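Worksheet: one structure, shown below.
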Ligand code: ADP
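In my numbering, the protein residues as written are 27 to 526.
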């Protein structure tokens with residue numbers, strides 16, 4: 027038993043990755059699934075397509091590593107969070123497409139609930155503001171709008187799950203005894219979990235009119251939930267780790283101690299700071315969430331700063347402006363000038379997330395002169411990523427009274443060395459990229475491996491984490507202050523934008 031298999035069920039694709047004992051990637055299978063946009067603001071996935079892709083990528087990963095189930099000690103699952111799937115337990119048939127985390131169709135339900143107590147009415151209990159982003163209003167929407175769903179629930183036949191739960195249930199037998207469970211990290215993104223007791227909270231269920239019977243059991247992030255059913259290539263292999271994607275990346279970065287953090291640069295950015303064994307309720311626009319719970323042992327909480335647009339701004343330069351032909355070209359273009367020539371981009375395409383949470387903001391390119399060209403725009407795009415990160419790092423420092431002293435980074439954009447230097451300059455602290463960049467899948471593998479004794483404990487995992495490269499700040503305090511003031515000035519000009 028020399029390997030762990032991690033399933034990474036992401037927003038655009040599903041991957042199976044085989045890791046060895048040193049945390050090295052041995053093989054990978056990957057399949058994309060369809061993005062379904064029935065209306066503006068609606069985003070759906072076909073949950074059965076995701077399940078079929080999962081089975082296929084498992085086969086590909088095993089074949090590419092030239093191994094069988096006998097070589098796999100355990101399976102770990104990580105997943106896109108908040109995405110809601112509801113299905114009939116008797117058949118495994120979903121009653122509706124999965125409603126994806128990005129979907130904003132439930133804003134009306136949010137407004138209705140917020141009219142009594144505001145968007146922070148559940149924050150003390152759940153760590154979250156009321157928002158369409160989290161699972162609860164998505165479940166409520168299905169129960170209210172899909173014919174027959176409420177009746178199925180009343181009869182006890184309906185099951186809800188985020189993608190981790192959906193895969194676990196199917197892998198462990200589906201209608202024939204499938205395990206209906208989730209882990210604390212995924213549960214903490216629903217708006218239904220009590221952060222202190224780590225269980226579903228009856229008042230929250232009644233506020234959203236969601237019956238307890240449809241909910242999975244809340245388990246830890248690292249324990250044996252069940253074994254894979256007999257017709258699978260992985261039959262009898264224990265499933266032993268579950269973590270939502272950002273928490274898994276944090277775990278894969280070995281950010282186990284209070285004050286440890288990581289920042290993931292993908293489509294958007296996600297900063298997560300481990301706050302130790304007590305939840306810290308943010309006063310500065312961050313979310314409070316569970317970082318992990320290992321078996322019956324320790325629970326760690328985290329603060330999270332989500333930024334909506336970072337890597338997707340680079341995609342926008344490529345697809346909408348056409349000033350680059352691939353994402354990596356942005357770096358050469360940005361390096362062709364010494365500075366952005368006064369240009370600032372605030373990419374508030376769909377409002378601003380953390381720490382502002384301003385749905386009324388809209389994107390702007392400012393400071394243009396006759397001198398400005400595409401090189402300055404490329405540079406300003408990268409600077410906007412660094413400055414948005416600076417704002418969430420500052421918010422975290424204000425919430426915890428413990429400044430981040432070094433930022434561990436991962437995600438697609440960290441291939442951009444210029445951006446990493448800008449980030450260090452914007453923050454005034456070192457930025458560190460790990461040798462194993464697959465932190466999300468690795469975190470799920472770590473959780474599963476710990477539960478079956480493949481790894482002995484957190485100290486051993488900490489030793490597997492290795493630095494690839496480090497960037498030290500080259501800016502002065504005065505320069506950093508000036509950059510921040512210019513940025514804040516620009517952000518202020520994107521607010522209160524008249525909506526069409
Ligand atoms: P996700 O997991 O959200 O799909 P990834 O971690 O795969 O995202 O990162 C992809 C994002 O990174 C894309 O939005 C892309 O524009 C951006 N990206 C990839 N390479 C670079 C680069 N060299 N410089 C800047 N941005 C990049």
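Virtual Cβ for every residue (Gly too), placed ideally from N, Cα, C.
What you are looking at is a predicted structure, and each value in this text was computed from that prediction instead of being measured.
Considering Cα atoms alone, identify which of the options is closest to residue i.
i           : options               : result
residue 200 : 120, 157, 211 and 238 : 120
residue 239 : 99, 356 and 112       : 112
residue 308 : 345, 427, 230 and 367 : 427
residue 457 : 171, 333 and 444      : 444
residue 55  : 454, 217, 89 and 363  : 89
residue 413 : 218, 170, 448 and 131 : 448
residue 276 : 205, 63 and 329       : 329
residue 407 : 100, 381, 433 and 338 : 338
residue 323 : 341, 375 and 210      : 210
residue 67  : 58, 127 and 91        : 127
residue 516 : 409, 498, 497 and 492 : 409
residue 91  : 74, 30, 130 and 73    : 30
residue 312 : 423, 176 and 143      : 423
residue 440 : 245, 257 and 336      : 336
residue 451 : 436, 504, 492 and 482 : 504
residue 416 : 512, 220 and 303      : 512
residue 99  : 28, 269 and 383       : 28
residue 34  : 217, 296, 467 and 101 : 467
residue 485 : 206, 153 and 280      : 280
residue 178 : 118, 69, 506 and 390  : 118
residue 48  : 521, 518, 123 and 487 : 487
residue 191 : 366, 362, 234 and 246 : 246
residue 69  : 80, 104, 86 and 131   : 131
Go ahead and label residue i buried or exposed: buried means 16 or more other beta carbons lie within 10 angstroms of its beta carbon, across all protein chains shown.
i           : result
residue 96  : exposed
residue 41  : buried
residue 50  : exposed
residue 464 : buried
residue 508 : exposed
residue 395 : exposed
residue 460 : buried
residue 287 : buried
residue 163 : buried
residue 347 : exposed
residue 473 : buried
residue 108 : buried
residue 171 : exposed
residue 500 : exposed
residue 341 : exposed
residue 204 : buried
residue 208 : buried
residue 294 : buried
residue 249 : buried
residue 492 : exposed
residue 272 : buried
residue 102 : buried
residue 482 : exposed
Pick helix, strand or coil for residue i, following the three-state DSSP scheme.
i           : result
residue 484 : helix
residue 426 : helix
residue 116 : coil
residue 277 : helix
residue 86  : helix
residue 489 : helix
residue 45  : strand
residue 240 : helix
residue 136 : helix
residue 475 : helix
residue 37  : coil
residue 252 : strand
residue 353 : coil
residue 103 : strand
residue 500 : coil
residue 65  : coil
residue 71  : strand
residue 455 : coil
residue 494 : strand
residue 93  : coil
Should residue i be counted as a contact of the ligand SAM given a C-beta to heavy atom distance under 6 Å?
i           : result
residue 273 : Looking for the ligand SAM in the displayed structure turns up nothing; the ligands present are the ligand ADP.
Write down every uninterrupted run of the beta strand (DSSP E) in the segment 357–432 whose length is 3 residues or greater and which is fully enclosed by it, in chain order. 370–372 and 390–392
Ranges of the beta strand (DSSP E) found wholly within the segment 159–227, counting only runs of at least 3: 184–187 and 207–209
My parser needs the alpha helix (DSSP H) runs of 4 or more residues fully inside the segment 268–346; what are they? 271–278 and 337–342
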